[in-house]
Amino acid sequence: MRYLLLSSCVVVLLGCSSAYKHLQVTPGDARNLQQFKPVFPVALYKASIDVVGNHLSGLLIIKRMPDRSTRMVFSNEIGFKFFDFQFLPGGGFKVFSIVDQINKKALIKTLRQDFELIMMYRTDSADALIRKNDSLLYYTFHPPNGYYHYITSLPGDQLVRMERSSKRKIIMEAIMKNYIKGIPDTIGITHKNFNFTIGLKRIAR
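The opening position of the sequence shown corresponds to residue 0 in numbering that gives the first Met the number 0, with each subsequent residue numbered one higher.
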């Protein structure tokens, strides 16, 4: 049954996802992605967010909590919070606070999905569709809210980029680079369908 469900997923993806229709299914092991999964005991970033005419800059702290949740707080340099999120084990999500100019349901959902992609929350499952082109491997997961793609070099030793997509088009692209003890030094997010970018540069502590 599990094989049939995964095969059905392959058919749907290949039939509907025009942005990825040129890729060829290939054998592989999704557990290879775990080497790129970031570790955030506590990390501080200089952050810049531009979204639909609003520019926010300050400090973003990401911290793993004792209950295995991840807390993410974005504030300016004098401590005023732009947002305070909690990502719970098992996929839960909680908003503790958010400023009015970005307090929109669709935008909160987008932020949640973007950061879930970055934190690689959906990669623990072995049920990934693995495809390739001439130079890249694509690991695709299908959570309820769309498609998450993790794109590596063919040998699997470099995470090139990440993408979220609908059935037919790419919604956003993201990068994580220069890992130091499991924590990426640079994180970038760019949306394709509206003006929304996030740039994070780690601050050494």
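Even for Gly, the Cβ is constructed at its ideal location relative to N, Cα and C. In this text, all values refer to a predicted model and were calculated from it rather than measured experimentally.
Close Cβ partners of residue i (< 7 angstroms) along its chain, the five nearest in sequence each way excluded
| i | result |
| --- | --- |
| T189 | M171, E172 and T196 |
Residues near residue i in its chain [Cβ-Cβ closer than 6 angstroms; skip 5 each side]
| i | result |
| --- | --- |
| F193 | none |
| V41 | K62 |
| F35 | L158 |
| F140 | R121, A127 and Y147 |
| M119 | K36 |
Best match in the options for proximity to residue i [C-alpha to C-alpha]
| i | options | result |
| --- | --- | --- |
| S134 | F140, D49, I150 and L128 | I150 |
| G145 | R130, I129 and R167 | R167 |
| G90 | L106, N102 and Q112 | Q112 |
| F86 | P183, D123, Y138 and F114 | F114 |
Cα-Cα separation between residue i and residue j, rounded to whole angstroms
| i | j | result |
| --- | --- | --- |
| R163 | V98 | 25 angstroms |
| T69 | V38 | 10 angstroms |
| K180 | G78 | 27 angstroms |
| M161 | M175 | 8 angstroms |
| R204 | I60 | 12 angstroms |
| I107 | S165 | 18 angstroms |
| L43 | R201 | 6 angstroms |
| D66 | L116 | 21 angstroms |
Close beta carbons around residue i, own chain, < 8 angstroms, minus the five adjacent residues each side
| i | result |
| --- | --- |
| S17 | R167 and K168 |
| K191 | K168, I169, I170, M171 and E172 |
Which residues DSSP lists as bridging residue i, in chain order
| i | result |
| --- | --- |
| T25 | The partner list for T25 (beta bridge, DSSP) is empty, contrary to what the question assumes. |
| V50 | N53 and F195 |
| S96 | D83 |
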